[in-house]
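Single-structure report; data block below.
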Amino acid sequence: LHANVGLKGVHDSSNENLPGRLQGDALTPEISGIFSNTSADGRFGVSLSGSYQERDFGYSQVGVPNGWRSFRGDSTAYGTIPQPGTPGSENIVNRPGPNDIYSVPQNLNYRVVGVERQRTNGQLTLQYKPLDNVTTTLDYTYSENKIQQQRNEMSVWFNYGPSASAWTNGPVAGPVSYSEIVNPATSDLATAGSNAATRNQNKSLGFNVDWAVNDQFKLNFDIHRSTAEAGADSPFGSSNSLGVSGFYRGTSVVDFSKDFPVLQQQLGFGLTGLDPSRTLVTGSAFRNSYMKSEIDQAQVNGDFTFENYSQLKFGIGSTEVKNRSAFSNVQRDTWGGAGTAADYPDDLWIPSSFAQYFDAIDGSGNPAQFNQLFLFDFERARQAAAQVAGDDALYRTSPVFTTDRRVTEKSKNAYLQWNNSWDDLRVPISLAAGVRYEETKVEAQALVPVAVGIDWVANNELPIRLADSAFASGSGKYEYWLPSLDLSFKLTEDLVLRGSYGETIGRPGWGDIQGGQTLNQIARLEGGTGQEGNPGLKPLLSHNIDFSLEWYY
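Final position of the sequence shown in the working numbering is 653; the numbers increase by one with none missing.
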């Protein structure tokens with residue numbers, strides 16, 4: 101009998117570098133244990149292990165999360181800086197040359213994030229030996245990971261109007277500083293909040309029989325079923341964002357010369373900081389993602405050793421994999437405001453500084469930094485927005501998936517391999533020759549929303565208008581014979597020549613064989629993006645040849 105239990109606590113100081121409402125516990129527990137025992141005759145054994153841990157932590161981020169737009173220096177496309185000699189070019193320092201590549205930011209975002217996590221792991225193994233030459237094993241594995249995340253952020257978005265900028269040298273240039281000139285000061289100064297949770301769960305049950313038929317012949321039987329499931333663990337979804345803005349932003353200047361981008365922000369209406377009385381909820385998104393994978397697998401493997409010590413390995417197997425990925429999104433593109441600022445109580449929006457959460461980054465102490473964001477209670481702000489809209493369902497996730505993709509892949513396989521060595525030859529030779537057969541069938545069904553138009557809701561945001569979802573289906577099938585041959589020649593005691601040939605396949609990813617077309621919801625002036633899988637997609641077939649001469653010294 102063996103048993104062990106462990107208890108410990110973990111102190112995470114990152115919690116102390118967060119606003120109070122986002123902080124978790126600085127000290128969190130972890131417990132783990134293991135137990136094992138065998139019967140007196142050694143024919144039965146049991147093992148049980150498990151652990152549970154909690155972790156609370158936080159982090160701060162600043163960056164350009166929506167990416168950069170890259171251009172050649174001679175491009176005049178939307179979003180480019182003015183060409184030499186055109187209006188606005190006088191506001192550019194060290195402009196990239198015509199053959200240089202430069203990038204302009206789409207936004208700048210500061211955020212503080214608090215995370216809480218609970219993780220559970222467990223495994224039970226039972227082993228029984230009914231005969232001296234037969235061993236059976238039954239095992240079950242379970243794991244669960246739950247994450248809750250809260251976030252507050254402040255950002256400015258660039259609509260590529262009149263600008264001023266300074267640049268590093270080419271041929272790939274980046275901005276030393278970039279500003280967008282906004283006059284009058286009526287653009288949005290955007291803040292946002294999020295409160296979401298996810299749960300990931302894995303289960304696996306397996307049974308194995310190892311049978312030594314005799315000294316020359318061995319068989320192994322194995323069967324298992326595994327599931328992996330991930331989804332939302334909150335009525336507010338697996339991810340969400342509640343936009344909050346005040347429409348008094350003027351010219352924004354970003355200094356990229358240090359590790360920490362410094363925002364200098366002009367405000368309108370005589371303001372020197374955030375104004376709760378001019379603040380309201382704008383656009384929002386409550387996303388519900390769900391994924392599930394189920395695997396059923398059975399296989400028989402064996403090997404037989406002949407009297408001349410050559411060996412024959414063989415096996416057959418069957419695998420069925422079911423993958424499901426589903427999604428719904430309750431999104432309001434009310435970026436001009438959901439109601440008016442008067443609809444929201446001023447005490448809902450709490451101005452706070454944020455530079456102290458970035459004090460370890462070079463440049464964060466710049467006195468020119470605009471140093472405010474709103475901290476707010478997500479649930480209270482959500483309820484206020486729902487009351488203004490008159491419909492609570494507009495501000496929570498939908499249990500009805502508008503996108504629902506399901507793929508079933510059934511595979512059968514068999515292999516045969518013969519190994520032999522001829523050590524009595526003048527040049528000893530070793531050989532491994534085999535072949536593998538693979539047969540796979542794919543069935544895919546997809547419920548996807550149908551695009552029917554585009555709406556223009558902001559300067560550079562054009563959301564796709566979607567109608568009811570519709571089903572699409574597809575299928576595919578392929579089979580392959582995959583030979584392999586390995587030879588080695590022992591030329592001398594310390595010199596070996598090896599050669600091999602084999603054929604292998606690389607299956608497409610699950611996202612590549614899902615059916616249905618999906619368009620990313622926001623398009624831009626230059627167009628939109630999307631994706632569509634093909635259930636009939638074939639694997640990549642590789643012919644592999646390898647030679648080596650090895651010297652052992």
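A virtual CB, placed ideally from N, CA and C, is assigned to each residue, including glycine.
Let's test the definition: count the other Cβ atoms within 10 Å of the Cβ of glutamine 456 and tell me whether it reaches 16, buried, or not, exposed.
Position 356 of the sequence shown, counting from 1, holds the residue named residue 456. Counting Cβ neighbours within 10 Å, glutamine 456 comes out exposed, since fewer than 16 surround it.
Buried or exposed for glutamate 579, please, with buried defined as at least 16 other CB atoms from any protein chain shown within 10 angstroms of its CB.
Taking the sequence shown and counting its residues from 1, the one referred to as residue 579 is at position 479. Label assigned to glutamate 579: exposed.
With distances taken from CA atoms, which of Asn620, Phe647, Gly627 and Trp610 is nearest glycine 602?
For the purposes of this step, residue 602 is identified with residue 502 of the sequence shown, where counting begins at 1. Answer by Cα proximity: Phe647.
On a Cα-Cα basis, can you pick out the residue from Val110, Leu516, Ala572 and Val550 that is closest to arginine 565?
On the sequence shown, position 465 is the one that residue 565 refers to. Ranking Val110, Leu516, Ala572 and Val550 by CA distance to the CA of arginine 565 puts Val550 first.
Here's the rule: buried if 16 or more other CB atoms are within 10 angstroms of the residue's CB, otherwise exposed. What is aspartate 504?
Working through the sequence shown from its first residue, we reach residue 504 at position 404. Counting Cβ neighbours within 10 Å, aspartate 504 comes out buried, since at least 16 surround it.
Does the region 184 to 202 touch the region 222 to 239, meaning 3 or more C-beta pairs lie closer than 8 Å?
no
Under 8 Å, do leucine 363 and arginine 349 count as touching if we go by C-beta distance?
Here residue 363 is taken as the residue at index 263 of the sequence shown, counted from 1. Here residue 349 is taken as the residue at index 249 of the sequence shown, counted from 1. No.
Per DSSP, what kind of secondary structure is arginine 378 in: helix, strand or coil?
Against the sequence shown, residue 378 aligns to sequence position 278. In the structure shown, arginine 378 sits in a helix (DSSP, three-state: H, G or I).
For the pair the region 235 to 247 and the region 212 to 223, tell me if three or more CB-CB distances fall below 8 Å.
yes
Looking only at its chain, what residues have a beta carbon closer than 6 Å to the beta carbon of leucine 649, apart from the 5 residues adjacent to it on each side?
Residue numbering aside, residue 649 sits at position 549 when the sequence shown is read from its first letter. Leu597, listed in sequence order.
Determine the contact status of serine 464 and phenylalanine 360, defining contact as a CB-CB distance below 8 Å.
In the sequence shown, the residue the question calls residue 464 occupies position 364. In the sequence shown, the residue the question calls residue 360 occupies position 260. Contact check for serine 464 against phenylalanine 360 passes: the beta carbons are separated by less than 8 Å.
Run through the region 114 to 154 for me and flag every whole beta strand (DSSP E) of 3 or more residues, listed as ranges in chain order.
127 to 138
In terms of residues, what are the limits of the alpha helix (DSSP H) holding proline 613?
In the sequence shown, counting from the first residue as 1, residue 613 sits at position 513. Note that residue 613 is isoleucine in the sequence shown, not proline. That run of the alpha helix (DSSP H) goes 610 to 613.
Is the region 617 to 627 in contact with the region 539 to 555, if contact means three or more CB pairs nearer than 8 Å?
yes
My output table needs one value for asparagine 44: the three-state DSSP class, helix, strand or coil.
Summary: the structure shown does not reach residue 44, with the chain confined to residues 101 through 653, and so no result is reported for it.
I'd like to check one pair, proline 119 with valine 204: are the Cβ atoms closer than 8 Å?
Locating residue 204 in the sequence shown gives position 104, where the first residue counts as 1. Locating residue 119 in the sequence shown gives position 19, where the first residue counts as 1. Their beta carbons are not under 8 Å apart, which means valine 204 does not touch proline 119 by this criterion.
How would you label tryptophan 435, buried or exposed, when you count the other beta carbons within 10 angstroms and need 16 or more for buried?
Taking the first residue of the sequence shown as position 1, residue 435 is located at position 335. By the neighbour-count rule (16 or more Cβ atoms within 10 Å), tryptophan 435 is buried.
Measuring straight from C-alpha to C-alpha, what distance separates asparagine 245 and phenylalanine 386?
Translated into the one-based positions of the sequence shown, residue 245 becomes position 145. Translated into the one-based positions of the sequence shown, residue 386 becomes position 286. Looking at the two C-alpha atoms, the distance is approximately 21 Å.
Taking all protein chains shown into account, do 16 or more other C-beta atoms lie within 10 angstroms of the C-beta of alanine 493, making it buried, or fewer, making it exposed?
On the sequence shown, residue 493 is found 393 positions in, with the first residue counted as 1. Classification of alanine 493: exposed, given that the 10 Å Cβ count is below 16.
I'd like to know whether the C-beta atoms of aspartate 594 and tyrosine 652 end up nearer to each other than 8 Å.
What you label residue 594 is simply residue 494 of the sequence shown in a count that begins at 1. What you label residue 652 is simply residue 552 of the sequence shown in a count that begins at 1. Yes, the pair counts as a contact, with Cβ atoms nearer than the cut-off.
For the region 274 to 293 against the region 251 to 262, are there 3 or more C-beta pairs whose distance is under 8 Å?
yes
Grab the span of the alpha helix (DSSP H) containing glutamate 479 for me, first residue to last.
As a first step, residue 479 must be located in the sequence shown, where it is residue number 379. It spans 478 to 489 - the alpha helix (DSSP H) in which glutamate 479 sits, taken as one unbroken run.
With distances taken Cα to Cα, identify the nearest neighbour of proline 445 among Thr379, Leu582 and Val430.
Position 345 of the sequence shown, counted from the start, is the residue given in the question as residue 445. Of the listed residues, the one whose Cα sits closest to proline 445 is Thr379.
Classify asparagine 283 as buried or exposed, calling it buried when 16 or more other Cβ atoms lie within 10 Å of its own Cβ.
As a position in the sequence shown, residue 283 is number 183, starting the count at 1. It is exposed - the Cβ of asparagine 283 has fewer than 16 other Cβ atoms within 10 Å.
With the cut-off set at 8 Å, would you say glycine 599 and glycine 636 are in Cβ contact?
Position 499 of the sequence shown, counted from the first residue, corresponds to residue 599. Position 536 of the sequence shown, counted from the first residue, corresponds to residue 636. Not closer than 8 Å, so no.
Going by DSSP, name the residue or residues bridged to proline 275.
As a first step, residue 275 is located in the sequence shown; it is residue number 175 there, counting from the start. According to DSSP, proline 275 bridges with Trp267.
Check whether the region 419 to 436 touches the region 387 to 396, taking contact to mean three or more Cβ pairs, one atom from each stretch, closer than 8 Å.
yes
Taking glutamate 190 as the reference, which of Ile131, Pro262 and Ser149 has the closest Cα?
In the sequence shown, counting from the first residue as 1, residue 190 sits at position 90. Closest option to glutamate 190, Cα to Cα, is Pro262.
Could you tell me whether the Cβ atoms of asparagine 344 and phenylalanine 474 are closer together than 8 Å?
One-based indexing of the sequence shown puts residue 344 at position 244. One-based indexing of the sequence shown puts residue 474 at position 374. Reading the sequence as shown, one finds valine at residue 344 and not asparagine. It is a contact, given that the beta carbons lie within the stated cut-off.
Taking just the CA atoms, how far does glycine 167 sit from serine 175?
Indexing the sequence shown from 1 puts residue 175 at position 75. Indexing the sequence shown from 1 puts residue 167 at position 67. Approximately 19 Å between the Cα atoms of the pair.
Quick check on this structure: which residue in Phe347, Ser339, Asn314 and Ser304 has the alpha carbon closest to the alpha carbon of glutamate 329?
Here residue 329 corresponds to residue number 229 of the sequence shown, with the count starting at 1. For glutamate 329, the nearest C-alpha among the options comes from Ser304.
Can you tell me the Cα-Cα spacing of phenylalanine 476 and serine 334, whole angstroms?
Indexing the sequence shown from 1 puts residue 476 at position 376. Indexing the sequence shown from 1 puts residue 334 at position 234. Each residue's alpha carbon lies about 19 Å from the other.
What do you reckon, are the CB atoms on glycine 214 and glutamine 161 nearer than 8 Å?
Counted from its first residue, the sequence shown places residue 214 at position 114. Counted from its first residue, the sequence shown places residue 161 at position 61. It is not a contact, given that the beta carbons lie outside the stated cut-off.
Indicate the three-state DSSP secondary structure (helix, strand or coil) for asparagine 620 in the structure shown.
By 1-based counting over the sequence shown, the position of residue 620 is 520. In this structure, asparagine 620 counts as coil in the three-state DSSP scheme.
Roughly how many angstroms separate the alpha carbons of threonine 508 and valine 542, rounded to a whole number?
Counting from 1 along the sequence shown, the entry for residue 508 is found at position 408. Counting from 1 along the sequence shown, the entry for residue 542 is found at position 442. Approximately 6 Å between the Cα atoms of the pair.
Which one of Gln248, Gly188, Ile201 and Leu208 has the shortest CA to CA distance from glutamate 216?
The residue labelled residue 216 in the question sits at position 116 within the sequence shown. Ranking Gln248, Gly188, Ile201 and Leu208 by Cα distance to glutamate 216 puts Gln248 first.
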